[in-house]
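Per the numbering used here, residue 15 is the first one in the sequence shown, and the count goes up by one each step.
In this text, a Cβ means the ideal position worked out from N, Cα and C, and glycines have one as well.
To start, the structure itself, in C-alpha coordinates.
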Amino acid sequence: MVNEIVIGAIAVVLLFLISGLKIVKEYERGVIFRLGRLVGARGPGLFFVIPLLESMQVVDLRTVTYDVPSQEVVTRDNVTVRVNAVVYYRVMDPEKAVTEVFDYRFATAQIAQTTLRSVIGQADLDELLSEREKLNVKLQQIIDEATNPWGIKVSAVEIKDVELPKEMQRAMAMQAEAERERRAKIIRADGEFQAAMKLKEAAEILAQSRNALMLRILQTMNEISNAQNTTIVFPIPIEILEYFAREKEERKE
(Lines of atoms letter the chains of each structure in order from A and count residues from 1; the text may use other names and numbers.)
(Lines give C-alpha, C1' and ligand atoms only; values in the text may rest on other atoms or scores of the structure.)
Protein backbone atom coordinates (compact mmCIF):
# COMPACT_ATOMS: atom_id res chain seq x y z
CA MET A 1 0.00 0.00 0.00
CA VAL A 2 2.85 2.35 0.89
CA ASN A 3 4.63 1.53 -2.36
CA GLU A 4 1.57 2.39 -4.36
CA ILE A 5 1.29 5.76 -2.60
CA VAL A 6 4.95 6.50 -3.27
CA ILE A 7 4.65 5.54 -6.92
CA GLY A 8 1.55 7.69 -7.28
CA ALA A 9 3.31 10.66 -5.63
CA ILE A 10 6.29 10.25 -7.94
CA ALA A 11 3.98 10.11 -10.96
CA VAL A 12 2.19 13.32 -9.85
CA VAL A 13 5.52 15.08 -9.37
CA LEU A 14 6.72 13.96 -12.80
CA LEU A 15 3.51 15.13 -14.46
CA PHE A 16 3.83 18.40 -12.56
CA LEU A 17 7.38 18.92 -13.82
CA ILE A 18 6.55 17.86 -17.36
CA SER A 19 3.62 20.27 -17.51
CA GLY A 20 6.03 23.10 -16.73
CA LEU A 21 8.28 22.42 -19.72
CA LYS A 22 7.66 24.89 -22.55
CA ILE A 23 9.15 25.08 -26.04
CA VAL A 24 9.24 28.40 -27.88
CA LYS A 25 10.17 28.52 -31.58
CA GLU A 26 12.90 30.69 -33.07
CA TYR A 27 10.45 33.37 -34.27
CA GLU A 28 8.50 33.43 -30.98
CA ARG A 29 8.99 34.76 -27.48
CA GLY A 30 7.25 33.64 -24.29
CA VAL A 31 6.20 36.45 -21.95
CA ILE A 32 6.19 35.05 -18.39
CA PHE A 33 3.97 36.23 -15.53
CA ARG A 34 4.56 35.04 -11.95
CA LEU A 35 1.56 35.50 -9.68
CA GLY A 36 0.32 38.18 -12.08
CA ARG A 37 3.59 40.11 -12.20
CA LEU A 38 5.73 40.41 -15.31
CA VAL A 39 8.92 38.37 -15.12
CA GLY A 40 10.20 38.87 -18.66
CA ALA A 41 10.34 37.34 -22.12
CA ARG A 42 12.02 33.99 -22.70
CA GLY A 43 13.00 31.98 -25.71
CA PRO A 44 13.65 30.56 -28.14
CA GLY A 45 14.19 27.02 -26.95
CA LEU A 46 13.16 24.83 -24.00
CA PHE A 47 12.60 26.29 -20.53
CA PHE A 48 10.60 25.60 -17.41
CA VAL A 49 7.50 27.50 -16.23
CA ILE A 50 6.40 26.84 -12.67
CA PRO A 51 2.88 25.41 -12.90
CA LEU A 52 0.15 27.25 -10.99
CA LEU A 53 2.57 30.07 -10.12
CA GLU A 54 3.65 31.20 -13.58
CA SER A 55 1.80 31.63 -16.86
CA MET A 56 3.13 32.27 -20.35
CA GLN A 57 1.79 34.14 -23.37
CA VAL A 58 3.49 33.45 -26.71
CA VAL A 59 4.15 36.42 -29.04
CA ASP A 60 5.02 35.99 -32.72
CA LEU A 61 7.92 38.20 -33.86
CA ARG A 62 7.50 37.68 -37.60
CA THR A 63 6.39 40.51 -39.88
CA VAL A 64 2.61 40.71 -40.12
CA THR A 65 0.91 41.78 -43.35
CA TYR A 66 -2.39 43.51 -42.62
CA ASP A 67 -4.71 44.24 -45.54
CA VAL A 68 -6.62 47.40 -44.65
CA PRO A 69 -10.24 47.03 -45.84
CA SER A 70 -11.46 49.44 -48.50
CA GLN A 71 -12.31 52.80 -46.91
CA GLU A 72 -14.71 55.35 -48.41
CA VAL A 73 -13.09 58.76 -47.99
CA VAL A 74 -13.90 62.31 -49.12
CA THR A 75 -10.75 64.08 -50.31
CA ARG A 76 -9.93 67.71 -49.59
CA ASP A 77 -11.41 68.78 -52.95
CA ASN A 78 -14.72 66.97 -52.13
CA VAL A 79 -14.28 63.85 -54.27
CA THR A 80 -15.52 60.56 -52.82
CA VAL A 81 -13.06 57.71 -53.36
CA ARG A 82 -12.58 54.19 -52.04
CA VAL A 83 -9.03 53.41 -50.94
CA ASN A 84 -7.42 50.28 -49.55
CA ALA A 85 -3.87 49.71 -48.36
CA VAL A 86 -1.53 47.15 -46.83
CA VAL A 87 0.49 47.60 -43.62
CA TYR A 88 3.66 45.69 -42.73
CA TYR A 89 4.59 45.58 -39.04
CA ARG A 90 6.27 43.37 -36.46
CA VAL A 91 6.62 43.11 -32.68
CA MET A 92 9.92 44.55 -31.47
CA ASP A 93 9.22 44.42 -27.72
CA PRO A 94 7.04 41.42 -26.77
CA GLU A 95 6.68 42.60 -23.17
CA LYS A 96 5.10 45.91 -24.20
CA ALA A 97 2.95 44.19 -26.84
CA VAL A 98 1.37 42.10 -24.06
CA THR A 99 1.22 44.58 -21.17
CA GLU A 100 0.61 47.96 -22.87
CA VAL A 101 -2.36 47.03 -25.09
CA PHE A 102 -5.15 44.48 -24.81
CA ASP A 103 -4.82 43.10 -28.36
CA TYR A 104 -1.95 44.60 -30.35
CA ARG A 105 -3.15 43.12 -33.65
CA PHE A 106 -6.64 44.60 -33.35
CA ALA A 107 -5.30 47.91 -32.06
CA THR A 108 -2.82 48.23 -34.94
CA ALA A 109 -5.55 47.43 -37.45
CA GLN A 110 -7.81 50.15 -36.05
CA ILE A 111 -4.99 52.71 -36.04
CA ALA A 112 -4.23 51.85 -39.68
CA GLN A 113 -7.85 52.31 -40.78
CA THR A 114 -8.40 55.64 -38.99
CA THR A 115 -5.05 57.02 -40.14
CA LEU A 116 -5.76 56.05 -43.75
CA ARG A 117 -9.07 57.93 -43.69
CA SER A 118 -7.48 60.94 -42.01
CA VAL A 119 -4.50 61.28 -44.35
CA ILE A 120 -6.50 60.71 -47.55
CA GLY A 121 -9.10 63.23 -46.36
CA GLN A 122 -6.38 65.89 -46.14
CA ALA A 123 -5.09 65.27 -49.68
CA ASP A 124 -6.41 66.40 -53.06
CA LEU A 125 -7.41 63.87 -55.71
CA ASP A 126 -4.47 64.83 -57.94
CA GLU A 127 -2.08 64.36 -55.03
CA LEU A 128 -3.60 60.97 -54.25
CA LEU A 129 -3.14 59.80 -57.85
CA SER A 130 0.28 61.30 -58.62
CA GLU A 131 2.08 61.49 -55.25
CA ARG A 132 1.17 58.14 -53.73
CA GLU A 133 4.71 57.49 -52.50
CA LYS A 134 4.62 60.69 -50.44
CA LEU A 135 1.34 59.62 -48.82
CA ASN A 136 2.76 56.15 -48.12
CA VAL A 137 5.65 57.66 -46.17
CA LYS A 138 3.29 59.93 -44.24
CA LEU A 139 1.01 57.01 -43.33
CA GLN A 140 3.96 54.91 -42.19
CA GLN A 141 5.30 57.66 -39.95
CA ILE A 142 1.94 58.36 -38.28
CA ILE A 143 1.04 54.70 -37.68
CA ASP A 144 4.54 53.87 -36.44
CA GLU A 145 4.47 56.77 -33.99
CA ALA A 146 1.09 55.65 -32.64
CA THR A 147 2.08 51.99 -32.21
CA ASN A 148 5.60 52.58 -30.89
CA PRO A 149 4.48 52.62 -27.20
CA TRP A 150 3.10 49.10 -27.75
CA GLY A 151 6.46 47.75 -28.93
CA ILE A 152 5.27 47.61 -32.57
CA LYS A 153 7.41 48.71 -35.52
CA VAL A 154 5.60 49.61 -38.75
CA SER A 155 8.08 49.05 -41.57
CA ALA A 156 5.96 50.07 -44.56
CA VAL A 157 2.50 51.18 -45.68
CA GLU A 158 1.41 50.92 -49.31
CA ILE A 159 -1.78 52.31 -50.86
CA LYS A 160 -2.88 49.51 -53.18
CA ASP A 161 -5.87 50.79 -55.09
CA VAL A 162 -7.88 53.99 -55.54
CA GLU A 163 -11.41 53.49 -56.85
CA LEU A 164 -13.06 56.55 -58.39
CA PRO A 165 -16.78 57.11 -59.11
CA LYS A 166 -17.90 56.43 -62.69
CA GLU A 167 -18.75 60.11 -63.22
CA MET A 168 -15.26 61.15 -62.15
CA GLN A 169 -13.67 58.56 -64.43
CA ARG A 170 -15.60 59.92 -67.42
CA ALA A 171 -14.69 63.51 -66.50
CA MET A 172 -11.01 62.61 -66.19
CA ALA A 173 -11.13 60.78 -69.53
CA MET A 174 -12.63 63.87 -71.21
CA GLN A 175 -10.00 66.05 -69.56
CA ALA A 176 -7.20 63.78 -70.78
CA GLU A 177 -8.65 63.74 -74.31
CA ALA A 178 -8.91 67.55 -74.34
CA GLU A 179 -5.33 67.80 -73.12
CA ARG A 180 -4.12 65.53 -75.92
CA GLU A 181 -6.01 67.57 -78.51
CA ARG A 182 -4.48 70.77 -77.12
CA ARG A 183 -0.99 69.33 -77.39
CA ALA A 184 -1.67 68.08 -80.93
CA LYS A 185 -2.82 71.54 -82.04
CA ILE A 186 0.21 73.17 -80.47
CA ILE A 187 2.55 70.71 -82.18
CA ARG A 188 0.78 71.18 -85.51
CA ALA A 189 0.93 74.97 -85.21
CA ASP A 190 4.58 74.83 -84.24
CA GLY A 191 5.31 72.67 -87.28
CA GLU A 192 3.55 75.13 -89.58
CA PHE A 193 5.47 78.00 -88.00
CA GLN A 194 8.79 76.27 -88.56
CA ALA A 195 7.83 75.40 -92.14
CA ALA A 196 6.85 79.01 -92.81
CA MET A 197 10.18 80.22 -91.41
CA LYS A 198 12.08 77.82 -93.64
CA LEU A 199 10.03 78.92 -96.69
CA LYS A 200 10.78 82.51 -95.84
CA GLU A 201 14.49 81.81 -95.66
CA ALA A 202 14.34 79.91 -98.96
CA ALA A 203 12.44 82.75 -100.64
CA GLU A 204 15.01 85.28 -99.45
CA ILE A 205 17.82 83.14 -100.83
CA LEU A 206 16.05 82.70 -104.19
CA ALA A 207 15.31 86.42 -104.36
CA GLN A 208 19.02 87.14 -104.25
CA SER A 209 19.64 85.34 -107.57
CA ARG A 210 17.46 85.36 -110.69
CA ASN A 211 19.19 82.31 -112.09
CA ALA A 212 18.52 80.32 -108.91
CA LEU A 213 14.80 81.09 -109.19
CA MET A 214 14.79 80.02 -112.82
CA LEU A 215 16.58 76.79 -112.04
CA ARG A 216 14.05 76.04 -109.28
CA ILE A 217 11.16 76.56 -111.69
CA LEU A 218 12.76 74.28 -114.29
CA GLN A 219 13.36 71.63 -111.64
CA THR A 220 9.68 71.78 -110.68
CA MET A 221 8.67 71.33 -114.33
CA ASN A 222 11.00 68.32 -114.60
CA GLU A 223 9.43 66.71 -111.52
CA ILE A 224 5.95 67.19 -112.94
CA SER A 225 6.94 65.66 -116.27
CA ASN A 226 8.20 62.51 -114.55
CA ALA A 227 4.83 61.92 -112.85
CA GLN A 228 3.41 60.40 -116.12
CA ASN A 229 0.34 62.60 -116.06
CA THR A 230 -1.81 62.87 -119.16
CA THR A 231 -2.51 66.54 -118.52
CA ILE A 232 -0.06 68.99 -116.94
CA VAL A 233 -1.28 72.39 -115.80
CA PHE A 234 1.64 74.60 -114.85
CA PRO A 235 1.17 78.30 -114.16
CA ILE A 236 3.75 80.56 -115.72
CA PRO A 237 5.13 82.85 -113.02
CA ILE A 238 5.70 86.49 -113.83
CA GLU A 239 9.32 85.99 -112.83
CA ILE A 240 9.86 83.87 -115.96
CA LEU A 241 8.60 86.67 -118.21
CA GLU A 242 10.71 89.17 -116.30
CA TYR A 243 13.69 86.89 -116.71
CA PHE A 244 13.30 86.74 -120.50
CA ALA A 245 12.64 90.51 -120.63
CA ARG A 246 15.89 91.20 -118.76
CA GLU A 247 17.81 88.83 -121.04
CA LYS A 248 16.42 90.64 -124.09
CA GLU A 249 17.41 94.03 -122.72
CA GLU A 250 20.90 92.81 -121.87
CA ARG A 251 21.36 91.51 -125.43
CA LYS A 252 20.28 94.86 -126.88
CA GLU A 253 22.88 96.58 -124.79
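| Check | Outcome |
| --- | --- |
| Are the CB atoms of residue 50 and residue 106 within a distance shorter than 7 angstroms? | no |
| Taking CB distances under 7 angstroms as the criterion, tell me whether residue 204 reaches chain D. | This model lacks chain D altogether; it includes just one protein chain. |
| What does DSSP give as the partner residues of residue 71 in its beta bridges? | 45 |
| Given this structure, state the Cα-to-Cα distance separating residue 200 from residue 207, to the nearest angstrom. | 10 angstroms |
| At which residues does the alpha helix (DSSP H) containing residue 135 begin and terminate? | 118-135 |
| Give me the Cβ distance between residue 74 and residue 42, rounded to the nearest whole Å; I'm assuming they're in contact under 8 angstroms. | 6 angstroms |
| Take residue 104 as the anchor and find which of 158, 69, 114 has the nearest alpha-carbon. | 158 |
| When we look at the beta-carbon of residue 155 and count the other beta-carbons within 10 Å, is it buried (16 or more) or exposed? | exposed |
| With H, G and I counted as helix, E and B as strand and the rest as coil, what does DSSP make of residue 37? | strand |
| When burial is assigned at 16 or more other CB atoms within 10 Å of the CB, is residue 108 buried or exposed? | buried |
| Quick one: what does DSSP say residue 108 is sitting in, helix, strand or coil? | helix |
| Looking at residue 171 and residue 134, is the spacing between their C-beta atoms short of 7 angstroms? | no |
| Assuming residue 274 and residue 163 make a contact with CB atoms under 8 angstroms, what is their CB distance in whole Å? | Outside the modelled stretch of the chain, which goes from 15 to 267, sits residue 274, for which no answer is possible. |
| Measure the Cβ-Cβ separation of residue 126 and residue 101 and say whether it is below 7 angstroms. | yes |
| Take every Cβ of the segment 65-72, pair it with every Cβ of the segment 137-156, and state whether three or more of those distances are shorter than 8 angstroms. | no |
| According to DSSP, simplified to helix, strand and coil, what is residue 79? | strand |
| Assuming contact is defined by CB atoms lying nearer than 7 angstroms, are residue 35 and residue 62 in contact in what I supplied? | yes |
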